[in-house]
Amino acid sequence: MKAASVLLLLAALPMPLLAAGPKPEIERPAAAAQALDAVHTVRQIPEACTRIEGRFTGTAAQPYDMQLVRTNPQCQPRAVFLDASKVTPGEAAGWKLNEVIDIPSAACGSQRARIEVWRKPAGQKVELDGQGRNRVYLEDAKVQAAAGRLAALPAYSARLFVEGEACRR
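Residue numbering for the sequence shown is 1299 to 1467, as defined by this note's numbering.
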């Protein structure tokens, strides 16, 4: 009798609750709707000196284009950004879902781009200073590098999904 009532309860739940994946570390509302060919910043990842840019293209073959852009040539990355097709981010491989970004199309209300940003911690303990910030001092880093004690870098990766009907120009 108890098993039947549990099955009945599960059947009454909406499907997204049953198929829920990992909960993202950062939760934000959906982004503002974006026009066709309007290049916009999806997310900045300062640790990797990277900005994710995107745009709705209006083509059926590739309705949304996502590019990784270096933020500044002088920026010294404290993390790496890896191609999702080569590393396959997921919880089983030690990755954490950092954020899910939904971007609706202004030209086509049924279409949206969904970008999953994944983070893989490097495993080292991060020490924060009195202001609650992780600081890297050049002289300390030089001493560690000379001693061959450089820590592994954390990694980021992003996956793109496009949902809904493609809007034509």
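Note that beta-carbon positions come from the ideal geometry of N, C-alpha and C, so glycine has one too.
| query | result |
| --- | --- |
| Round the Cβ separation of Ser1408 and Glu1463 to the nearest angstrom and send it over; I've been treating them as touching at under 8 Å. | 5 Å |
| At which residue ranges does the segment 1362-1402 contain complete beta strand (DSSP E) runs of 3 or more residues, listed in the order of the chain? | 1362-1368, 1394-1402 |
| If I'm right that Val1337 touches Arg1353 with Cβ under 8 Å, what's the distance once you round it to whole angstroms? | 5 Å |
| Whose CA, out of Thr1355, Ala1450, Ile1343, lies closest to the CA of Thr1324? | The amino acid at residue 1324 is misidentified as Thr; the sequence shows Ile. When each option's Cα is compared against that of Ile1324, the closest is Ile1343. |
| Between the alpha carbons of Arg1433 and Ala1359, how many angstroms are there, rounded? | 44 Å |
| May I ask you to report which of helix, strand or coil DSSP gives Lys1418? | strand |
| Whole angstroms are fine: how far does the CA of Gln1365 sit from the CA of Ala1391? | 24 Å |
| Between the alpha carbons of Asn1396 and Gly1430, how many angstroms are there, rounded? | 20 Å |
| Which residues in the same chain have their Cβ closer than 6 Å to the Cβ of Pro1452, if we skip the five residues on either side of it in sequence? | Ala1377, Pro1419, Ala1420 |
| Identify the continuous alpha helix (DSSP H) that holds Gln1442 and give its terminal residues. | 1436-1444 |
| Helix, strand or coil for Leu1308 per DSSP? | Reliability of the predicted coordinates at Leu1308 is poor, the pLDDT of 36 falling under 50, and the value obtained from them is presented with this limitation in mind. Reduced to three states, the DSSP call for Leu1308 is helix. |
| Relative to the C-alpha of Arg1410, which residue among Asp1400, Arg1417, Trp1416 is closest? | Asp1400 |
| Note down the Cα distance separating Gly1446 from Ile1350, rounded to an integer number of angstroms. | 32 Å |
| First and last residue of the beta strand (DSSP E) that includes Ile1324? | Unbroken run through Ile1324: none, as it is neither H nor E. |
| DSSP three-state label for Ala1346, please. | helix |
| What separation, rounded to the nearest whole angstrom, lies between the Cα atoms of Ala1404 and Thr1357? | 15 Å |
| Taking C-beta to C-beta, are Glu1345 and Pro1375 nearer than 8 Å? | yes |
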